[in-house]
Amino acid sequence: MPKSDIIRIVGSAESQSEHPLGTAVCNYAKQELKTEVMEKISDFKAVPGSGIECTVGSKHGVLIGNRSWMTSNGLKITKDVNAMMKQHEELGRTAVLVSIDGLLCAMIAISDQLKPEAQQVVHVLQKKLGCKVVLLTGDNQITAKAIAREVGIFEVFAEVLPTHKADKVKDLQAAGKTVAMVGDGVNDSPALVTADVGISFKTGTDVAAEAADIVLMNDNLEDIVAAIDLSKAVVRRIKYNFVFASAYNVIGVPIAAGCFVPIGFSLQPWMASAAMALSSVSVVTSSLLLKKYTKPFFDSKWKKGDMLKEDEVLIQTGRNFIDKIATSLANISEKISNGSNNIVGEKFASLPNTCEGEKNEQIARIDGTLVESRDEKEYLLLDAQNDSDSETDL
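If you're matching positions, the sequence shown starts at 260 in the numbering used here and goes up one per residue.
Structure follows, in structure tokens:
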């Protein structure tokens, strides 16, 4: 199939996707084809964390997604294809496969270019504000680890499905953590609502903005640090005002009530009224000092190009339940083999069909170009999309 046809079909299919990477691929196709008109799409279905399926132009059946999405639809992934994907993933790119009419015909590699301030923001959050930063992403372990090493994040949850993001937040809360969730995608909404504090961006989706507690007006990651630092400054000021007002009244009320008249110390009524007014004025004035707040100075020692070592990043996946199922099934099998008739309380879950069909493969490689997209990775701050330019390489 000609290169232009593959680009046209893939771009048309992704035009119906709300995923940031889908938007990047669609924009790439429009730039390559120099047109804003895509083909008609029917039977579109998006499976979060896997991929999409649709019919393009009423004649081409299209599948676009990760390895598991292809294998679950009966497509075989050869060692060469897997090695090519792994090569891109080790460079921090997201690699997805394309099947047209049952034929595996292309691979798309999308590179997330980190925002210039990303490394410093993570460093300041961890070293200066005492927050633990965790990367929560639907990307595979290899890509997630590469990004985490570059940014300086020590703990990663990879291959997390959108439906499991809120569960991850609950797990962290159950461990006694105060969680702030930063995200701007539709899939982030449940986690944003579940977190103690949800932070989104004005440039994100409307759903995420409505679900968040804080919506940052500027598309700058440094504002996350400023929001947390300002909130701490406000809490400190509230505590200071409370202590001051309490002490002021503990001293002033007995005097105004005449408790010290026997020793010749008293206040005239106008003096008591003035003292009461002064109490309110002093608290308001103290609060107005917050208007002089300035953002933290980013003097981070983390330099561009610095990376964590391989063993410094802790990788966990969102699919660990499969291991639990395997253990459960093994226990059941053992009970059956031992003749046990009292098997109670075992939990089952349906696993995806991973049978591989015998189909021919053809890999097409297409030169890429620079397109703009929004990265969907979220930061969890325990006690933080990161917008990016994406380089699409098919």
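Each residue gets a CB set at the ideal place from its N, CA and C atoms; glycine is no exception. Since the structure is predicted, the reported quantities are computational estimates derived from the model, not experimental observations.
Residues bridged to residue i (per DSSP)
i                 : result
cysteine 313      : Val321
phenylalanine 303 : Partner(s): none; phenylalanine 303 has no beta bridge.
arginine 352      : Ser370
valine 357        : Ile323, Ala365
For residue i, the nearest candidate out of the options (CA to CA)
i              : options                        : result
serine 459     : Ala471, Lys554, Val452         : Ala471
valine 542     : Leu526, Ile497, Ile514, Pro528 : Ile497
alanine 531    : Ile522, Leu547, Pro513         : Pro513
glutamine 346  : Ile487, Asn399, Gly435         : Asn399
valine 438     : Gly444, Lys424, Asn446         : Lys424
serine 538     : Gln527, Pro521, Gly523, Val502 : Val502
methionine 535 : Ile487, Val509, Val520, Thr553 : Val509
alanine 283    : Ile483, Gln372, Leu394         : Gln372
valine 441     : Lys404, Thr464, Ala405, Cys285 : Thr464
aspartate 455  : Ile487, Met476, Trp529, Gln385 : Ile487
leucine 334    : Thr353, Val315, Leu362         : Leu362
proline 307    : Val445, Leu394, Arg408         : Val445
serine 301     : Val466, Val315, Leu526         : Val315
lysine 262     : Met366, Gly435, Lys404, Ala533 : Met366
tryptophan 328 : Met260, Val340, Gly310         : Gly310
proline 449    : His382, Met297, Glu469         : Glu469
Distance cut-off 7 Å: residue i Cβ against heavy atoms of the ligand ZN
i          : result
valine 383 : Inclusion of the ligand ZN in the displayed structure is not the case, the ligand content being empty and no account of it being possible.
Proximity below 8 Å, CB of residue i to CB of residue j
i              : j              : result
lysine 461     : valine 474     : yes
leucine 480    : lysine 374     : yes
valine 428     : threonine 402  : no
threonine 396  : valine 419     : yes
isoleucine 336 : leucine 280    : no
lysine 299     : glycine 270    : no
leucine 451    : alanine 433    : no
valine 393     : lysine 404     : no
isoleucine 265 : glutamate 291  : no
proline 555    : alanine 506    : no
asparagine 477 : serine 545     : no
cysteine 364   : methionine 260 : yes
isoleucine 406 : glycine 351    : yes
Would you check if there are 3 or more beta carbon pairs closer than 8 Å linking the region 375-385 to the region 268-278? Counting Cβ pairs under 8 Å, fewer than three are found: no touch.
Report the residue ranges of all alpha helix (DSSP H) runs contained in full by the region 412-497; include only those spanning at least 4 residues, in chain order. As far as the region 412-497 is concerned, its whole alpha helix (DSSP H) runs of at least 4 residues are 421-433, 448-453, 465-470.
Determine, using beta-carbon pairs with one atom in the region 495-509 and one in the region 542-555, whether at least three such pairs fall under 8 Å. The region 495-509 is in contact with the region 542-555.
What alpha helix (DSSP H) runs, 4 residues minimum, are completely inside the region 496-540? Counting only runs of 4 or more, we get nothing.
For the structure I just gave you, are there three or more beta carbon pairs, one from the region 356-369 and one from the region 318-327, closer than 8 Å? As far as the Cβ criterion goes, the region 356-369 touches the region 318-327, which means the pair count is three or higher.
Within the region 270-299, note down every full beta strand (DSSP E) run reaching 3 residues or more, in order along the chain. Taken in chain order, the whole beta strand (DSSP E) runs of length 3 or more contained in the region 270-299 number zero.
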